[in-house]
Amino acid sequence: MLWGASAAVPSPWLYVVWAVLIVAEMALLLSARGRGIPGRLDTGHLVERVGLFVIIVLGESVIALVTSADHAWTLRAGFVGVLGFVLLAALWWSYFDFGAASAELMFAAAQDREAYLLARDVGGFLHFFVTAAVLGMAGGLATAVEEADHAHLPSGAVWALAGGLALYHAAHACIALRYKRPPSSVAVWAVPGIGIPLLVILGSGHLAPWVVVLLLAAEAIVHLLYARKMLRRRVAAAAAPTP
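The sequence shown lines up with residues 31 to 273 when you count with the numbering used here.
Next up, the structure:
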């Protein structure tokens, strides 16, 4: 009801009201403790629903990318569009190969109340930042395609794109820490995952749009390759015979 009533608020106060409502919803979510739940949550179904929502957000990001290319079709715009698709594909691959699989394993291993708290923190609270980051990147990529022939990107687009990738990795780092992963193992991928996009922001005034997207896509690919390497090591360690 409050969201509907906010439509009557004039700009720019409308955005202030929306921000307040988002904070209120998060606070309400985090205040839940899981007491009085009659049975165990169907965590497998929850992971599937959250994953489908992420697919929708990524799909909308691809649509925004294609639409922006239709508005400004040049060779550089096409190149930036391809790089943007590679970036989104790398995020999709790493999310569903590792993020969703880890969530399902952690939820399944948790006791009833802990499973609820994990679902609240990971599936509800932290995934807000995951999807917000992807949406920010989508807006930044769309502008990068449209501004592909310019000397550099507008600062807002750079913050949306590179800042979105930094936020994406930061959210996943918080998720990993919530799973009680060792901070040192999380820092190995989280520090470069957050730091490289921030460095891109600092140097964006001297970088062409295609260079910005190329650097971010390269970071996402390296992140994916590292995750796959770690997975192979864990599988090999689990399969190794114990002395």
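Every residue gets a Cβ at the ideal spot worked out from N, C-alpha and C, and that includes glycine.
Drop a sphere of 10 angstroms on the beta-carbon of residue i, count the other beta-carbons inside from all chains shown, and report buried for 16 or more, exposed for fewer.
i, result
"Ser61", "exposed"
"Tyr146", "buried"
"Ala38", "exposed"
"Ser91", "buried"
"Met56", "exposed"
"Ile226", "buried"
Compare the C-alpha of residue i against each of the options and name the closest.
i, options, result
"Ala196", "Val47, Met31, Phe128 and Leu245", "Leu245"
"Ala133", "His157, Leu117 and Leu121", "His157"
"Val243", "Gly74, Leu229 and Tyr256", "Leu229"
"Ile221", "Tyr45, Ala238, Gly233 and Tyr198", "It is worth fixing the name first, because residue 221 is Val in this sequence and not Ile. Checked all of Tyr45, Ala238, Gly233 and Tyr198; the closest Cα to Val221 is Tyr198."
"Ala174", "Pro42, Trp219, Phe159 and Ala192", "Ala192"
"Asp100", "Ser214, Gly233 and Ala178", "Ala178"
"Val216", "Val252, Gln141 and Ala257", "Ala257"
Just verifying my parser: in three-state terms, what is the DSSP assignment at residue i?
i, result
"Lys259", "helix"
"His202", "helix"
"Val308", "There is simply no residue 308 to check, as the chain begins at 31 and stops at 273 in what is shown."
"Asp179", "coil"
"Arg106", "helix"
"Pro213", "helix"
"Leu237", "coil"
"Pro227", "helix"
"Pro222", "helix"
"Met31", "coil"
Can you name the start and end residues of the alpha helix (DSSP H) that residue i belongs to?
i, result
"Val53", "Trp43 to Ser61"
- prompt: Just checking, does the region 141-153 make contact with the region 198-210 on the three C-beta pairs under 8 Å criterion?
  reply: yes
message: For the pair the region 86-95 and the region 105-122, tell me if three or more CB-CB distances fall below 8 Å.
response: yes
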